[in-house]
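Colleague: Could you have a look at this structure, given as C-alpha cells, before my questions?
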Amino acid sequence: MKTEVQTNWSKRLIIFIISGVILLLPFIIDAPEGLSQIGFRSLAVFIVCILWWVTNVIPLMITSLFAIVAFPLFNIADAHDVYPKFGNTAVFFLLGSFILASAFMRSGLSTRLSLVFIKAVGKSPLRMVIAFQLLATFLAFWTTGHTVVAMLIPILLELGNSLSEEENGAELAKSLSLAVMWGAVIGSNATFLGGARAPLAVAILSESTGKSITFSQWLIATLPLVIVMTIIGTFLLLRITPKKVDIKQSRTHLTKKVKNLGATSKREKLIAGIMLLTIIAWFVFGNRAGLANIALIAVITLFFLRLTSWKEVEEDVNWGIILMYGGAIALGSTLSETGVSDWIMNMTGGLITSSVVFLIIIATLSIFFTETMSNTAVVAFMMPMAIATAMALNTNPQILTLTITIPSGFAFMLPMSTPAIAMTLSTGYVEMKDTIKSGIILNITGLAITLLAIIFYWPMIFGG
C-alpha cells in the first residue's frame with residue numbers, strides 16, 4: 325500500500341513538473357510563427373489541461389477550474405470575460421436536466437416503469453435480457469447513462485440472488501448485467517439528456533462557430549445509429565444468454581415487487597406529466613425558446629408544486645460536471661479568441677486535404693480516447709482543435725461535432741471511460757475480460773456505422 329501511494333505521488337510530481345515547464349515556456353521563448361505570445365500562453369494552458377485530463381492526476385472538474393484561473397493569472401484574458409462563460413446556456417440546460425432526473429427517480433416513477441416493463445416482457449430468459457436492454461436504452465434517452473445503470477442495478481441484484489441456485493443462473497445474471505450496461509451506453513447517445521458530452525460539444529460548437537444543433541436535429545441524426553447498435557447488441561446478447569434457465573422464482577419476485585408498489589401516486593403522475601410536456605416543448609419550441617429556458621421552467625414548476633425538495637436536488641445533482649462544463653466552454657472560447665484555433669487551422673490545413681479523411685481520423689481517435697479517459701474529457705479537448713482544422717477544410721462543423729461526440733459515447737470496455745461500466749463490474753456478475761471481449765466488437769461496429777453516417781447520412785441533414 326505504501327509503495328502504491330509513493331508511486332502515485334511520484335507520478336503526480338512528474339506530471340506537475342512537466343506542467344510547470346510547459347506553462348513557463350511562453351515566458352522564456354518566442355511564440356511559434358503565426359501565433360501571438362498571448363496565444364502561446366493560451367496554448368500552454370490547453371496542453372496542460374489535456375495532460376491532466378488524460379492522466380487524471382486531479383479530478384476532471386478541478387482541471388477545468390484551473391483553466392478558469394490560469395487565463396486571468398497569465399494575462400491571457402480578463403477575469404470579467406472568463407468567468408461569465410460559466411453562465412453559458414448549456415450549463416443551465418444540464419442543471420435543469422439533472423434536477424428533472426432527480427425528481428423522476430425520487431418519486432419512484434422510474435422504478436415503477438422499470439418493474440412493470442420487465443415483468444410484462446421478460447417471460448423467458450432471452451426475453452428478460454432483451455427487456456433489460458431495451459429498457460436501459462430507452463431510459464438513457466432521457467437521463468444520463470450511469471443514472472440508468474444505478475436505477476436498474478438494485479433490480480438486477482435482486483434477480484441475480486433469485487437465480488443463484490438455478491442451473492446457468494450466473495450466466496443469465498451476466499447477460500442481464502451486460503444488457504443494462506450496453507443499453508445505457510448506447511441509448512445515452514440519442515439525445516442531449518443522455519450525458520454531459522452532447523450539450524458540451526454543442527456549446528463549444530456555438531461559441532466557436534455561431535452554429536448549433538437543435539434537440540430534434542440531434543435525435544434525427546443519432547436515432548438510426550442507436551437502433552443499429554441496439555440490434556447488434558441484442559444479437560451478441562442472444563449468443564451468450566443461456567436459453568434454459570428456470571426463472572419462475574424471479575418472475576414471482578417481480579410480481580411481488582410490482583404489487584408492493586401500490587397505486588400510482590399523485591406525485592408520480594404530476595412528474596410524468598411535467599416530463600412529457602418538457603420533452604414535447606424541447607422538440608417544438610427548443611430552437612425559439614431555448615432548451616435551458618424550457619428545462620428551468622420545468623424545474624420551477626416542480627418546486628412550485630412541491631414535487632421535489634432542495635435537499636434531494638443537492639444530493640442527486642452532479643455538481644462536478646457543472647464545473648467541468650463551465651471550464652471546458654471557457655477553454656474552447658478563449659482558444660478561439662486568442663488566435664490558437666486559427667493557428668492550428670493554418671498548421672494542419674496543409675497536412676490533411678480531404679474533409680472525409682479528416683472526419684474518419686477524428687472518429688477513430690475519439691473512439692480510441694474514450695476507452696482511456698472520460699468521454700466528456702474527450703469532447704472537451706478534441707472539439708477546439710478539430711473545429712479549427714474543420715474550418716480550414718470547409719468541413720461542416722455540425723457533422724464534426726457528431727463525429728467527435730457519438731464515437732466518444734461508444735465506451736464499452738474500460739471503467740475509466742464511463743461510470744456505467746464501473747458500476748456494472750461492481751455487481752460481481754461481469755468481469756473486465758467480458759467487457760473487453762464484447763467491447764472490441766461493439767467499438768468496431770460503432771466506428772463503422774459512424775463512418776457510414778459521416779459519408780451518407782449526416783450530410784443529408786446538415787449539408788456537406
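With our numbering applied, the sequence shown covers 325 to 788.
From the three backbone atoms N, C-alpha and C, an ideal C-beta is built for every residue, glycine too.
Model, not experiment: these values are computed from the prediction.
Between the alpha carbons of A464 and E491, how many angstroms are there, rounded?
Modeller: The residue you call residue 464 lines up with position 140 of the sequence shown. The residue you call residue 491 lines up with position 167 of the sequence shown. Approximately 32 angstroms between the Cα atoms of the pair.
Colleague: Quick one: residues in its chain with C-beta nearer than 6 angstroms to the C-beta of M325, no 5 flanking neighbours on either side, listed in chain order?
Modeller: Stepping through the sequence shown from its first residue, residue 325 is reached at position 1. The predicted position of M325 is uncertain, since its pLDDT is 46 and thus under 50; a value taken from the coordinates is nonetheless stated next. Answer for M325: no residue qualifies.
Colleague: Hey, S872 and L458: beta-carbon distance below 8 angstroms or not?
Modeller: Since the first and last residues shown for the chain are 325 and 788, residue 872 lies out of range.
Colleague: Which runs of the beta strand (DSSP E) fall wholly inside the stretch 432-469 and span at least 3 residues, in chain order?
Modeller: If we require 3 residues or more, the stretch 432-469 turns out to have no beta strand (DSSP E) run fully inside it.
Colleague: Can you tell which of N399, E695, V440, P383 has the C-alpha that lies nearest to the C-alpha of M658?
Modeller: As a first step, residue 658 is located in the sequence shown; it is residue number 334 there, counting from the start. As written in the sequence, residue 658 is Thr, which differs from the Met given in the question. Checked all of N399, E695, V440, P383; the closest Cα to T658 is N399.
Colleague: Report the rounded CA-to-CA distance for P383 versus K593, giving the unit in angstroms.
Modeller: As a first step, residue 383 is located in the sequence shown; it is residue number 59 there, counting from the start. As a first step, residue 593 is located in the sequence shown; it is residue number 269 there, counting from the start. So the alpha carbons of these two residues sit roughly 38 angstroms apart.
Colleague: Just the C-alpha distance for A280 and L337, rounded to the nearest angstrom, thanks.
Modeller: Nothing can be reported for residue 280: it is not among the residues displayed for the chain, which extend from 325 to 788.
Colleague: Less than 8 angstroms separating the beta-carbons of L418 and Y649?
Modeller: Taking the sequence shown and counting its residues from 1, the one referred to as residue 418 is at position 94. Taking the sequence shown and counting its residues from 1, the one referred to as residue 649 is at position 325. Cβ atoms of L418 and Y649: closer than 8 angstroms.
Colleague: Considering only C-alpha positions, which residue in the set G733, M669, P478, L629 is nearest to A710?
Modeller: Your numbering for residue 710 matches position 386 in the sequence shown. When each option's Cα is compared against that of A710, the closest is M669.
Colleague: Taking L359 and L367 to be in contact with their CB atoms under 8 angstroms, please state how far apart those CB atoms are, rounded to whole angstroms.
Modeller: Numbered from its first residue, the sequence shown carries residue 359 at position 35. Numbered from its first residue, the sequence shown carries residue 367 at position 43. Their Cβ separation, rounded to whole angstroms, is 7 angstroms, which keeps L359 and L367 in contact under 8 angstroms.
Colleague: Hey, could you find the ends of the alpha helix (DSSP H) V504 is sitting in?
Modeller: Stepping through the sequence shown from its first residue, residue 504 is reached at position 180. Unbroken alpha helix (DSSP H) run through V504: 493-511.
Colleague: Starting from V582, follow the alpha helix (DSSP H) in both directions and report where the run begins and ends.
Modeller: On the sequence shown, position 258 is the one that residue 582 refers to. 572-585 is the span of the alpha helix (DSSP H), which, as asked, contains V582.
Colleague: Which residues bound the alpha helix (DSSP H) around N611?
Modeller: In the sequence shown, counting from the first residue as 1, residue 611 sits at position 287. N611 -> alpha helix (DSSP H) spans 590-613.
Colleague: Are the CB atoms of L738 and I676 within a distance shorter than 8 angstroms?
Modeller: The residue labelled residue 676 in the question sits at position 352 within the sequence shown. The residue labelled residue 738 in the question sits at position 414 within the sequence shown. Contact: no.
Colleague: Ends of the alpha helix (DSSP H) at G656?
Modeller: Working through the sequence shown from its first residue, we reach residue 656 at position 332. 643-661 is the extent of the alpha helix (DSSP H) around G656.
Colleague: Report back the beta-carbon spacing between A527 and A414 to the nearest angstrom; my notes put them in contact at under 8 angstroms.
Modeller: Counting from 1 along the sequence shown, the entry for residue 527 is found at position 203. Counting from 1 along the sequence shown, the entry for residue 414 is found at position 90. Right, their Cβ atoms sit about 3 angstroms apart.
Colleague: Counting C-beta neighbours from all protein chains within 10 Å, is the total for I768 16 or more, i.e. buried, or is it exposed?
Modeller: Locating residue 768 in the sequence shown gives position 444, counting from the first residue. The residue in question, I768, is exposed, as its Cβ has fewer than 16 Cβ neighbours within 10 Å.
Colleague: Going straight from the alpha carbon of I595 to that of A427, what length do you get?
Modeller: In the sequence shown, residue 595 corresponds to position 271, counting from 1. In the sequence shown, residue 427 corresponds to position 103, counting from 1. Computed Cα separation, rounded: 7 angstroms.
Colleague: Can you give me the Cβ contacts of Q361 inside the same chain, cut-off strictly under 7 angstroms, excluding the 5 residues immediately before and after it?
Modeller: Working through the sequence shown from its first residue, we reach residue 361 at position 37. Counting only Cβ-Cβ distances below 7 angstroms, and skipping sequence neighbours, we find P350, A355.
Colleague: Could you check whether the stretch 496-507 touches the stretch 548-561, counting it as contact only if at least three pairs of C-beta atoms, one from each stretch, sit closer than 8 angstroms?
Modeller: The answer is yes - the stretch 548-561 touches the stretch 496-507, with three or more Cβ pairs under 8 angstroms.
Colleague: Could you tell me the alpha carbon to alpha carbon distance between V329 and T387, rounded to whole angstroms?
Modeller: Numbered from 1 along the sequence shown, position 5 holds the residue referred to as residue 329. Numbered from 1 along the sequence shown, position 63 holds the residue referred to as residue 387. Only weak support exists for where V329 lies, its pLDDT of 47 falling under 50; the value from the coordinates is given anyway. Rounded to the nearest angstrom, the two C-alpha atoms are 21 angstroms apart.
Colleague: With DSSP run on the structure shown, which of helix, strand or coil describes P783?
Modeller: Counting from one through the sequence shown, the residue named residue 783 turns up at place 459. Helix at P783.
Colleague: Check F340 in the structure and name its three-state DSSP category.
Modeller: Stepping through the sequence shown from its first residue, residue 340 is reached at position 16. The answer is helix: DSSP assigns F340 an H, G or I state.
Colleague: Alpha carbon to alpha carbon, what distance is there between G363 and N642?
Modeller: Indexing the sequence shown from 1 puts residue 642 at position 318. Indexing the sequence shown from 1 puts residue 363 at position 39. Roughly 33 angstroms separates the two Cα atoms.
Colleague: Taking the continuous alpha helix (DSSP H) assigned at I519, which residues delimit it?
Modeller: As a working note, residue 519 is residue 195 in the sequence shown. For clarity, residue 519 is Gly in the given sequence; the question names Ile instead. Premise fails: G519 is in no alpha helix (DSSP H) and is neither H nor E.
Colleague: How close, in whole Å, do the beta carbons of V504 and F456 come, if the pair is a contact with beta carbons under 8 angstroms?
Modeller: Position 180 of the sequence shown, counted from the start, is the residue given in the question as residue 504. Position 132 of the sequence shown, counted from the start, is the residue given in the question as residue 456. Confirmed, about 5 angstroms.
Colleague: I346 and A520 look like a contact to me (Cβ under 8 angstroms); what is the Cβ gap, rounded to whole Å?
Modeller: Translated into the one-based positions of the sequence shown, residue 346 becomes position 22. Translated into the one-based positions of the sequence shown, residue 520 becomes position 196. Not quite, the Cβ-Cβ distance comes to about 27 angstroms (not below 8 angstroms), so this is no contact.
Colleague: With a CB to CB cut of under 8 angstroms and the five nearest residues on each side skipped, what residues in its chain are close to I342?
Modeller: Here residue 342 refers to the residue found at position 18 of the sequence shown. If we look at I342 and ignore the five residues flanking it on each side, its Cβ neighbours are L375.
Colleague: Less than 8 angstroms between the C-beta atoms of T774 and P731, yes or no?
Modeller: Within the sequence shown, residue 774 is the residue found at index 450, counting from 1. Within the sequence shown, residue 731 is the residue found at index 407, counting from 1. A contact, by the Cβ cut-off of 8 angstroms.
Colleague: Is S574 closer than 8 angstroms to S512 when the C-beta atoms are compared?
Modeller: The residue given as residue 512 occupies position 188 in the sequence shown. The residue given as residue 574 occupies position 250 in the sequence shown. In this structure, S574 does not lie closer than 8 angstroms to S512 by Cβ.
Colleague: What's the call for G557, buried or exposed, on a 16-neighbour Cβ count within 10 Å?
Modeller: Counting from 1 along the sequence shown, the entry for residue 557 is found at position 233. G557 should be labelled buried.
Colleague: Starting from the Cα of E755, find the closest Cα among L771, I785, L766, F736 and give me that residue.
Modeller: Counted from its first residue, the sequence shown places residue 755 at position 431. Comparing Cα positions, the closest option is F736.
Colleague: For the alpha helix (DSSP H) that S421 lies in, which residues bound it at each end?
Modeller: Residue 421 sits at position 97 when you count from the first residue of the sequence shown. First-last of the alpha helix (DSSP H) with S421: 413-430.
Colleague: Specify the secondary structure class of G484 as computed by DSSP and reduced to three states.
Modeller: As a working note, residue 484 is residue 160 in the sequence shown. G484: helix per DSSP, three-state reduction.
Colleague: Just to confirm before moving on: does the CB-CB distance between L450 and K567 stay below 8 angstroms?
Modeller: Indexing the sequence shown from 1 puts residue 450 at position 126. Indexing the sequence shown from 1 puts residue 567 at position 243. A contact, by the Cβ cut-off of 8 angstroms.
Colleague: Which of the three DSSP states, helix, strand or coil, is assigned to P356?
Modeller: Within the sequence shown, residue 356 is the residue found at index 32, counting from 1. Reduced to three states, the DSSP call for P356 is coil.
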